[in-house]
Amino acid sequence: MDKMGAQEEDINLIYALRGIQVLIGAGVGLEASMTHIAKGGYGIISSDFSKALSGVNSGQRLEDELRRLINVSKSSDYQRLLTSMLNNVISNTDLVASLEQQAARAEENRTDRLKRYIEDLAGLPE
Numbered sequence: 438m439d440k441m442g443a444q445e446e447d448i449n450l451i452y453a454l455r456g457i458q459v460l461i462g463a464g465v466g467l468e469a470s471m472t473h474i475a476k477g478g479y480g481i482i483s484s485d486f487s488k489a490l491s492g493v494n495s496g497q498r499l500e501d502e503l504r505r506l507i508n509v510s511k512s513s514d515y516q517r518l519l520t521s522m523l524n525n526v527i528s529n530t531d532l533v534a535s536l537e538q539q540a541a542r543a544e545e546n547r548t549d550r551l552k553r554y555i556e557d558l559a560g561l562p563e
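Those letters in the sequence shown? Residues 438 to 563, by the numbering used here.
1. Asparagine 456: which of Lys488, Ala540, Ile527 and Gly496 sits nearest, CA to CA?
2. I'd like to know whether the C-beta atoms of leucine 450 and alanine 534 end up nearer to each other than 7 angstroms.
3. Which one of Tyr479, Leu467 and Ile461 has the shortest CA to CA distance from tyrosine 452?
4. Would you say glutamine 497 and isoleucine 507 are within 7 angstroms of each other, going by their C-beta atoms?
5. Take the Cβ of asparagine 529 as the centre, count every other Cβ of all protein chains shown within 10 Å, and call the residue buried at 16 or more, exposed below.
What follows is the structure in structure tokens.
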């Protein structure tokens with residue numbers, strides 16, 4: 438896995454997850470939620486969603502664009518989000534519940550990484 442690419446995806450993932458979760462929970466559709474995220478503020482995720490929506494606007498199917506993003510994404514948490522979105526498009530799954538679980542898991546992963554980083558710093562000489 439490309440560690441830098443995965444880190445770049447993970448930086449804004451929790452915020453994007455929560456944003457999509459709030460929008461979907463309020464009754465906004467998936468494509469409109471993606472449009473909101475694509476407008477910026479979520480780093481590489483905004484860029485990816487913008488490219489995917491451009492593909493949709495030029496005639497590609499949303500599920501094909503989501504599959505393309507899954508194939509090029511580096512972070513397992515980001516791939517999980519994209520897979521949930523794809524499953525929602527294909528079989529109308531409960532995306533809000535899935536996003537809630539993913540956001541909690543992503544927050545735990547981030548906390549664990551931060552703890553490891555702090556522990557590594559504690560071992561450095563002053």
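Cβ atoms here follow ideal geometry from the backbone N, Cα and C, with glycine treated the same way.
Taking the definition as stated:
1. Sequence inspection shows glycine at residue 456; the asparagine mentioned does not correspond to that position. Checked all of Lys488, Ala540, Ile527 and Gly496; the closest Cα to glycine 456 is Ala540.
2. No, they are not a contact pair.
3. Residue Tyr479 holds the alpha-carbon nearest to the alpha-carbon of tyrosine 452 among Tyr479, Leu467 and Ile461.
4. Judged by beta-carbon spacing, isoleucine 507 lies beyond the 7 angstroms limit of glutamine 497, meaning their Cβ atoms are not closer than that value.
5. So asparagine 529 counts as exposed.
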